[in-house]
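When you line the sequence shown up against UniProt numbering, it's residues 1 to 194, in that order. Step one of this worksheet: look at the structure below.
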Amino acid sequence: MNNFDLQPLHYSYDALEPYLDAKTLEIHYTKHHQAYRDNFVKILEKYPALLKKTPEDILRELNNLKVEETDRIKIKNHGGGFVNHNIFWSVMGLKKEIDEKLIKKITETFGSVEQFKQLFNQTAIGHFGSGWVWLVEDEKNQLKIYSLPNQDSPLTLGHTPILTLDIWEHAYYLKYQNRRAEYVENWWNVVKTV
Ligand code: MN3
């Protein structure tokens, strides 16, 4: 298994029911995520030196990579899609593994976990179109919440991702249709650390 392989899910497709349904999770992982990964690797095959880096480092160095401009966009989209989903799968699970250090920092930054979740949810609901909501640590180790469009990665901004929620319609449409707010609220039931 190398860095560019599809990482195995640490739960079954139905493990996050009823909040995330099995059908959506299976399609999301086996079709969407797989396609991002395959397209990412296909571009990198033109630049074998990049395959020696980690996918995360490629996104960190995105703006300085010695690649054709059209390929830089493809790397941003497909590489971002690959890494973003890896993070997304990893922050979820039905077994809580509360991160006390993170909770403390969230409370210091946002006032309370409830206020933090409210701001995160508002950001998710208010984001226009496809994208992701992020909790990151910025270059000054401050917690920040923001959304980014498409498959853009906080790594490219020099930030460290901590939590993320996929708000592309493919992540929720089968179960929630246009009810993004309900999807966002329910998602907290399957976040491990908070
Ligand atoms: Mn997705």
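Built from N, CA and C at the ideal position, the CB exists for glycine as well.
Requested in this report: Assign P18 to one of three DSSP states: helix, strand, or coil.
Outcome: coil
Query raised in the report: Cβ of A35 within 8 angstroms of any heavy atom in the ligand MN3?
Result: Remark: the shortest separation between the CB of A35 and any heavy atom of the ligand MN3 does not fall under 8 angstroms.
Query raised in the report: Can you pull the DSSP bridge partners for V133?
Result: S147, L165
Requested in this report: May I ask you to report which of helix, strand or coil DSSP gives T160?
Outcome: strand
Query raised in the report: Buried or exposed: G131, going by 16 or more other Cβ atoms within 10 Å of its Cβ?
Result: Buried: at least 16 other Cβ atoms inside 10 Å.
Requested in this report: Mind the definition here: the region 151-164 touches the region 52-70 only if three or more C-beta pairs lie below 8 angstroms; say whether that holds.
Outcome: yes
Query - Limits of the unbroken alpha helix (DSSP H) element including T70 - result: 69-74
Report task. Please specify which runs of the alpha helix (DSSP H), each continuous and at least 4 residues long, are wholly inside the region 28-85, giving them in chain order. Result -> Runs of the alpha helix (DSSP H) lying entirely within the region 28-85, each at least 4 residues long, are 34-44, 55-60, 69-74 in chain order.
Report task. Taking Y36 and G93 to be in contact with their CB atoms under 8 angstroms, please state how far apart those CB atoms are, rounded to whole angstroms. Result -> Contact flag wrong, Cβ pair sits at about 22 angstroms.
Query raised in the report: What's the C-alpha gap between D14 and E26?
Result: Straight-line Cα distance between these residues: approximately 9 angstroms.
Query raised in the report: On the three-state DSSP scale, how would you describe V194?
Result: coil
Query raised in the report: Near V83, what residues of its chain come up, given a Cβ to Cβ distance below 8 angstroms and the 5 sequence neighbours on each side ignored?
Result: P55, E56, L59, S153, L155
Report task. Taking only the alpha-carbon atoms, compute the straight-line gap between residue 198 and I43 and give it to the nearest angstrom. Result -> In the structure displayed, the chain extends from 1 to 194; residue 198 sits before or after that span and is not available.
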